[in-house]
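Here's the structure we're looking at; comments come further down.
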Amino acid sequence: MSQIEKQLEALKQEANNCKNCELCKTRTNIVFSDGCSNAPVIFIGEAPGQNEDETGIPFIGRAGQLLRKFMFETNFKDGDFYIANTLKCRPPKNRKPTKEEKAACCNFLEKQIELINPKLIVLVGSTALESFIDDKKLTITKARGKIFEKDGRKFFPIFHPSYLLRYHSLEENSPRYLFKKDLETIRAIIN
Ligand code: URA
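Just so you know, the working numbering puts 183 at position 182 of the sequence shown, and the rest follows in order with no gaps.
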């Protein structure tokens, strides 16, 4: 195990014992991460859903499977990425994370980012966008596909795959078309 893997494992143990917010009372498992600790890119989603809470693995429910399918189609390999969320625990009924929950949890994510030190941070959906880019007027539709630089890091927002579950078309400028195009851009940036 590398030094970084050991530090990530210790952080995961800390998260396992975390009682910083009320979500610790309703979680089945914390959902720490998936993927490779020396990946050039981190994908950051919103929060675990039911499947993630049950298994402890991020993005494995319906939306997650769609994200992984598009990533597979755009040639992402296992060693290419690391996945986490703004929250480690599932909010009941999949409601949006509150400001307080995000504040209670962000230490873990910040340390994960510091340890992995990726070339690019992909913000998957509006919750992740709001957590990192402080601009109330910025919607995910406006922000997606653009690079934002802050504190020496590069951020790249994309649609959340749950949005794509409602739109099936792949025609030019459709949500799925733009999503695939953004994943291709990410691939080009990290290559
Ligand atoms: N949606 C997210 O944002 N994250 C997950 O892990 C699963 C679904």
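Glycine is no exception: its CB is placed at the ideal position from the N, C-alpha and C atoms. Predicted, not measured: the structure shown is a model, and the values here were computed from it.
With a cut-off of 8 Å on the beta carbons, I'd call residue i and residue j a contact; round off their distance for me.
i: L179; j: R145; result: 7 Å
i: P176; j: Y168; result: 5 Å
i: R91; j: P41; result: With 8 Å as the limit, R91 and P41 do not qualify as a contact, their Cβ atoms being about 28 Å apart.
i: T75; j: R154; result: Not really, about 22 Å apart at Cβ, beyond 8 Å.
What does the Cβ neighbour count give for residue i, buried or exposed, with the cut at 16 atoms within 10 Å?
i: M2; result: exposed
i: G57; result: buried
i: P162; result: buried
i: G46; result: buried
i: P119; result: buried
i: T142; result: exposed
i: Q113; result: buried
i: R96; result: exposed
i: S170; result: exposed
i: G36; result: buried
i: D136; result: exposed
i: K151; result: exposed
i: E111; result: exposed
i: F77; result: buried
i: E173; result: exposed
i: A104; result: exposed
i: L166; result: exposed
Go through its chain and collect everything with a Cβ distance to residue i's Cβ below 8 Å, but skip five positions before and after it.
i: S38; result: S3, I5, E6, L9, Y83, L116, I117
i: A16; result: I31, F33, K89, F109
i: I191; result: P41, V42, D81, K120, L121
i: C25; result: C19, C90
Regarding residue i and the ligand ATP, is the C-beta to nearest heavy atom distance less than 7 Å?
i: N17; result: Among the ligands present in this structure, namely the ligand URA, the ligand ATP is not found.
Below 7 Å CB to CB, which residues in the same chain sit around residue i once its five sequence neighbours on both sides are set aside?
i: F149; result: I134, F156
i: T29; result: D54, E55
i: D183; result: R145, G146, I159
i: P98; result: E47, A48, T87, L88, P92, T128
i: I61; result: N52, E53
i: F44; result: F82, I84, V123, V125
Hey, could you find the ends of the beta strand (DSSP E) residue i is sitting in?
i: F160; result: No beta strand (DSSP E) holds F160; DSSP gives it neither H nor E.
i: Y83; result: 82-86
i: I45; result: 42-46
i: F149; result: 149-151
Starting from residue i and walking both ways along the alpha helix (DSSP H), at which residues does that stretch end?
i: K182; result: 176-191
i: E109; result: One detail in the question is off: residue 109 reads as Phe in this sequence, not Glu. First-last of the alpha helix (DSSP H) with F109: 100-117.
i: L130; result: 127-133
i: F73; result: 63-74
i: L12; result: 4-17
i: E53; result: 51-56
i: I141; result: 141-144
Using C-beta distances below 6 Å, list every residue in its chain close to residue i, excluding the 5 sequence neighbours before and after it, in chain order.
i: P93; result: T27
i: N18; result: none
Quick one, what's near the ligand URA if you take every residue whose CB is closer than 7 Å to any heavy atom, in chain order? Qualifying residues come out as V32, G46, E47, A48, P49, G50, E53, P59, F60, G62, A64, G65, N86, V125, G126, H161, S163.
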